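Trainee:
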Amino acid sequence: MSTDDLLIVEEQGAERIAAHVSQRGAQAAEVIPDIIASAVAAIPVSKRMRWGRSRDEFLRPVQWLLLLFGEQTLPLELFGLNSGPSTRGHRFHHNEWVTVSSPGAYQEVLRDAKVLVDVEERRARIAEQVTA
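Note that this note's numbering numbers the sequence shown so that position 16 is 16, with each residue one more than the last.
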């Protein structure tokens, strides 16, 4: 930036020197993995546990990672694991890997794999079964 790029503006009754600066942002897919890693590390958990040989700690052992941005699987290494496009179905009723193609497909894919992600849907299903 040179002095030719500077402006004099009046703000709150005083003249100030200012400049218009445009800075292109990073691609969301590039910054999301770091944001997720920082957010997970900052989750306040009163009792953390370790598993395996790792020094990583979390509320429960993390067994796989699914990180999608649209239809793109974003790379993330966390807890010694690499993210991928798959998750697991219910451990007794559908103990298989299922692929999630997009965030919008997440609930339906897991519902087909016998996992009810939506808390209200799960609550309603339990209430329905209790009264049946």
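Every residue, glycine too, gets a C-beta built ideally from N, C-alpha and C. The model shown is predicted, which means the values in this text are computed figures rather than measured ones.
If you draw a straight line from the C-alpha of Asp56 to the C-alpha of Ala39, how long is it?
Mentor: Going by the C-alpha atoms only, they are around 14 Å apart.
Trainee: Considering only the beta carbon of each residue, do Pro103 and Leu74 sit closer than 8 Å?
Mentor: No, they are not a contact pair.
Trainee: Alpha carbons only, please: which of Ile35, His20, Ala18 is nearest the one belonging to Ala26?
Mentor: Nearest option by C-alpha distance: Ile35.
Trainee: Quick one: grab the DSSP three-state call for Glu57.
Mentor: Note: Glu57 maps to coil in three-state DSSP.
Trainee: Note down, in chain order, each residue of its chain lying with its Cβ closer than 6 Å to the Cβ of Leu110, except the 5 sequence neighbours on either side.
Mentor: Hits under 6 Å: Val117.
Trainee: Among Arg53, Thr87, Ala132, which has the Cα closest to the Cα of Asp112?
Mentor: Answer by Cα proximity: Thr87.
Trainee: Pairing CB atoms from the segment 57-66 with CB atoms from the segment 77-84, are three or more of them under 8 Å?
Mentor: Verdict: yes, contact present.
Trainee: Give me the Cα-Cα distance between Ala124 and Ile43, rounded to the nearest whole angstrom.
Mentor: Answer to the nearest angstrom: the Cα atoms are 29 Å apart.
Trainee: Can you say whether Val100 is buried or exposed, counting buried as having 16 or more other CB atoms within 10 angstroms of its CB?
Mentor: The residue in question, Val100, is buried, as its Cβ has 16 or more Cβ neighbours within 10 Å.
Trainee: How is the alpha helix (DSSP H) around Ser136 delimited, first residue to last?
Mentor: For residue 136 there is no data in the structure shown, the boundaries of the chain being 1 and 132.
Trainee: May I ask you to list the residues that DSSP assigns as paired with Gln72?
Mentor: The partner list for Gln72 (beta bridge, DSSP) reads Phe69.
Trainee: Tell me which residues share the same chain as Tyr106 and place their Cβ nearer than 6 Å to its Cβ, disregarding the 5 neighbours each side in the sequence.
Mentor: Val100, listed in sequence order.
Trainee: What does Leu81 pair with, by DSSP beta-bridge criteria?
Mentor: Answer is Leu78, bridged to Leu81.
Trainee: Taking the alpha-carbon positions, what's the Arg24 to Phe92 distance?
Mentor: Their backbone Cα atoms lie some 49 Å apart in a straight line.
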